[in-house]
Amino acid sequence: MAAAFVAYLHYLSIFALFALLSIEHVLFKAPLDLSRARSLMITDLVYGICAGLVLATGVARVLWFGKGAAYYMGNSLLHAKLGLFILVGLLSILPTVVFIKWRKTVKAGQVPTPSARQVRLVTWSIHIELLLLLVIPLLATLMARGYGMIG
Numbered sequence: 093m094a095a096a097f098v099a100y101l102h103y104l105s106i107f108a109l110f111a112l113l114s115i116e117h118v119l120f121k122a123p124l125d126l127s128r129a130r131s132l133m134i135t136d137l138v139y140g141i142c143a144g145l146v147l148a149t150g151v152a153r154v155l156w157f158g159k160g161a162a163y164y165m166g167n168s169l170l171h172a173k174l175g176l177f178i179l180v181g182l183l184s185i186l187p188t189v190v191f192i193k194w195r196k197t198v199k200a201g202q203v204p205t206p207s208a209r210q211v212r213l214v215t216w217s218i219h220i221e222l223l224l225l226l227v228i229p230l231l232a233t234l235m236a237r238g239y240g241m242i243g
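Each residue of the sequence shown is one higher than the one before, counting from 93 in this note's numbering.
In structure tokens form, the structure reads like this:
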């Protein structure tokens with residue numbers, strides 16, 4: 093029963109991660125208003141928490157609740173999934189830093205005014221993150237069917 097619960101939590105957190113990033117994509121449009129700026133900051137914080145949950149439940153599945161660490165560590169697709177997840181995490185740093193820098197402005201009741209370059213970079217970052225997140229379940233599906241075994 094514990095294995096099923098951890099798997100469920102893992103899948104649910106993946107869906108939430110994608111949903112939260114989609115929300116960021118919809119909300120991050122110039123010109124901003126105060127309400128959307130606040131929503132973006134909260135959404136990004138929850139996105140980070142959710143990413144941690146994806147990672148924690150994934151590690152739990154590999155070590156204790158899945159097919160065994162040897163199976164997963166010997167699968168090149170797991171390494172590809174982890175690499176993509178790390179890349180998504182690295183790409184998410186830019187929007188997070190931008191949103192964190194808004195704190196004082198938003199606390200003062202003012203609307204942040206990101207530059208055209210920031211808007212472009214954050215938008216591209218979110219687009220690439222969404223694209224990469226779409227590939228990870230494909231790799232997981234292939235891995236679950238025995239593809240990617242090394243040796």
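Note that beta-carbon positions come from the ideal geometry of N, C-alpha and C, so glycine has one too. Treat the numbers as computed from the prediction; the structure is a model and nothing was measured.
Query	Result
For Ile185, does the count of other Cβ atoms within 10 angstroms reach 16, so buried, or fall short, so exposed?	exposed
Looking at the secondary structure, which residues open and close the alpha helix (DSSP H) in which Arg128 lies?	126–152
Rounded C-beta distance between Gly166 and Met241? I'm assuming under 8 Å.	6 Å
Classify Val189: buried if its beta carbon has 16 or more other beta carbons within 10 angstroms, exposed otherwise.	exposed
Using DSSP with H/G/I as helix, E/B as strand and the rest coil, what is Met241?	strand
If you check the beta carbons only, do Val203 and Leu126 fall under 8 Å apart?	yes
Rounded to the nearest angstrom, how far is the Cβ of Arg153 from that of Val98, given a contact under 8 Å?	6 Å
Taking a contact to mean a Cβ-Cβ separation below 8 Å, would you say Tyr256 touches Leu112 in this structure?	Within the shown structure, residues of the chain are numbered from 93 to 243, placing residue 256 beyond reach of any answer.
Does the Cβ of Lys196 have 16 or more other Cβ atoms within 10 Å, making it buried, or fewer, making it exposed?	exposed
Got a sec, what are the start and stop residues for the alpha helix (DSSP H) Leu155 sits in?	It is not in any alpha helix (DSSP H) - Leu155 carries neither H nor E in the DSSP assignment.
Going straight from the alpha carbon of Ala232 to that of Thr135, what length do you get?	26 Å
Of all the options Phe107, His102, Leu119, which has the alpha carbon lying nearest to the alpha carbon of Val151?	His102
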